[in-house]
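Student:
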Amino acid sequence: MTAANKNVIITGSNRGIGKALLKEFAERNYNIWACARNENIEFEKEITKLSEKYNVLIKPVYFDLSKEDEIKTGIKDIISEGKNIDALINNAGVPHGGLLSMTSLKSIREVYEINVFAQILITQLVSRKMTRQRNGSIVNMCSVGGIEHNPGYLAYGSSKAALIWITKSIAKELAPLGIRVNGIAPGLVETDMGHYKSDDEMTKVIGRTPMKRMGKPDEIAKAAVFLASDEASYMTGHIMVVDGGRL
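Next up, the structure:
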């Protein structure tokens with residue numbers, strides 16, 4: 003990766019907000035480690051086009067967030083390249099809907115494995131490198147679902163609430179080491195993940211959103227670029243709500 007550019011790790015980069023993150027960071031001359039779960043030829047073609055368009059290097063890295071060994075191997079491979087890691091965007095996550103009586107402990111564990119434990123592990127591994135650099139920015143993709151308290155989202159909502167707490171806690175811990183940690187809490191966004199709610203529920207959510215529409219992936223990605231950049235150099239421990247006024 004070229005030394006002139008900054009370098010960023012983006013998880014869940016092969017769809018939805020992740021794809022928008024790739025474009026926004028590439029456009030701003032970041033070299034990117036584009037992390038996804040499975041190898042995909044179409045995904046690699048897309049990142050090659052982005053790389054050529056913006057004259058940056060984009061390297062695919064594959065690991066499953068539910069498998070600790072794969073995460074460790076993937077991040078170790080990134081760190082072994084010996085380049086600065088200027089930013090980490092913990093974007094990957096899984097949705098889940100279900101009332102208390104309909105949500106098994108197995109489902110809760112599966113959601114927490116990806117939305118909480120994998121985020122902690124990646125942050126631990128990358129922050130060690132950032133500590134040696136004495137600088138870095140970490141952005142966690144949280145959710146307004148972790149702030150609201152609505153029935154039907156026991157697993158998802160509580161996992162995102164945990165990630166918000168984690169973000170604020172480690173921000174205080176890592177700030178003296180030159181590392182900033184912030185989060186973004188998107189509202190309903192036009193992605194496959196954003197459509198896991200029923201049509202009736204989506205109508206209700208949009209109805210109580212003052213802007214009366216879903217968010218666009220690039221609107222979330224632009225917020226992440228800002229938080230990762232030097233323009234947000236005095237911001238840490240902040241959860242940026244990007245929800246069209248819903249909260």
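Its first residue numbered 3, the sequence shown is counted upward by one per residue in this note's numbering.
Built from N, CA and C at the ideal position, the CB exists for glycine as well.
Here the structure is a predicted model, which is why all the values come from computation and not from measurement.
Let's see if you can read the secondary structure: which residues bound the alpha helix (DSSP H) around Lys85?
Tutor: No alpha helix (DSSP H) holds Lys85; DSSP gives it neither H nor E.
Student: Is there contact here, the stretch 172 to 189 with the stretch 214 to 226, by at least three beta-carbon pairs under 8 Å?
Tutor: Yes: at least three Cβ pairs fall under 8 Å.
Student: Output the distance between the C-alpha atoms of Leu52 and Tyr158, rounded to the nearest integer angstrom.
Tutor: Roughly 32 Å between the two C-alpha positions.
Student: In the DSSP assignment, find the unbroken alpha helix (DSSP H) run with Tyr114 in it and report its ends.
Tutor: Tyr114 -> alpha helix (DSSP H) spans Leu107 to Tyr114.
Student: Give the range of the alpha helix (DSSP H) segment to which Ala234 is assigned.
Tutor: Note, Ala234: premise wrong, no alpha helix (DSSP H); not H, not E.
Student: May I have the straight-line CA-CA distance separating Asn9 from Glu72, to the nearest angstrom?
Tutor: Whole-angstrom Cα-Cα distance: 21 Å.
Student: Decide if His98 is buried, meaning its Cβ has at least 16 other Cβ atoms within 10 Å, or exposed.
Tutor: His98 comes out buried.
Student: Determine the burial state of Ile43: buried for a count of at least 16 other Cβ atoms within 10 Å of its Cβ, exposed for fewer.
Tutor: Flag for Ile43 reads exposed.
Student: Report the option in Gly154, Leu165 and Ala38 whose CA atom is closest to the CA atom of Gly76.
Tutor: The option with the nearest alpha carbon to Gly76 is Ala38.
Student: Given this structure, state the Cα-to-Cα distance separating Phe65 from Met237, to the nearest angstrom.
Tutor: Cα to Cα, Phe65 sits roughly 30 Å from Met237.
Student: Taking all protein chains shown into account, decide if Thr50 is buried (16 or more other Cβ within 10 angstroms of its Cβ) or exposed.
Tutor: So Thr50 ends up on the exposed side.
Student: Spatial neighbours of Arg30 within its chain, please: C-beta separation below 7 Å, excluding the five flanking residues on both sides.
Tutor: Closer than 7 Å at Cβ, skipping near neighbours: Val227.
Student: Over the uninterrupted alpha helix (DSSP H) stretch that includes Tyr158, give me the two end residues.
Tutor: It spans Leu156 to Leu176 - the alpha helix (DSSP H) in which Tyr158 sits, taken as one unbroken run.
Student: Applying the 10 Å Cβ sphere with the 16-neighbour rule, what's the burial state of Arg248?
Tutor: The residue is buried, with at least 16 neighbouring Cβ atoms inside 10 Å.
Student: Under 8 Å by Cβ, that's how I've got Val128 and Ile87 pegged, so tell me the actual separation to the nearest angstrom.
Tutor: Their Cβ separation, rounded to whole angstroms, is 6 Å, which keeps Val128 and Ile87 in contact under 8 Å.
Student: Would Ala94 and Thr193 be called neighbours here (beta carbons separated by less than 7 Å)?
Tutor: No, these two residues do not count as a Cβ contact at 7 Å.
Student: Expressed to the nearest angstrom, what Euclidean distance is found between the alpha-carbon atoms of Ala22 and Leu229?
Tutor: Taking the straight line joining both Cα atoms gives about 15 Å.
Student: If you measure between the beta carbons of Ile116 and Ser68, is that distance less than 7 Å?
Tutor: Yes, these two residues count as a Cβ contact at 7 Å.
Student: So, under 8 Å CB-CB, Gly154 and Gly100 are touching, yes? Tell me the CB distance rounded to an integer number of Å.
Tutor: So it is a contact: roughly 7 Å between Cβ atoms.
Student: Does DSSP classify Gly138 as helix, strand or coil?
Tutor: Strand at Gly138.
Student: Please give the ranges of any beta strand (DSSP E) in the stretch 32 to 104, keeping only runs that are unbroken, at least 3 residues long and fully inside the region.
Tutor: The stretch 32 to 104 contains these whole beta strand (DSSP E) runs: 32 to 38, 60 to 64 and 89 to 92.
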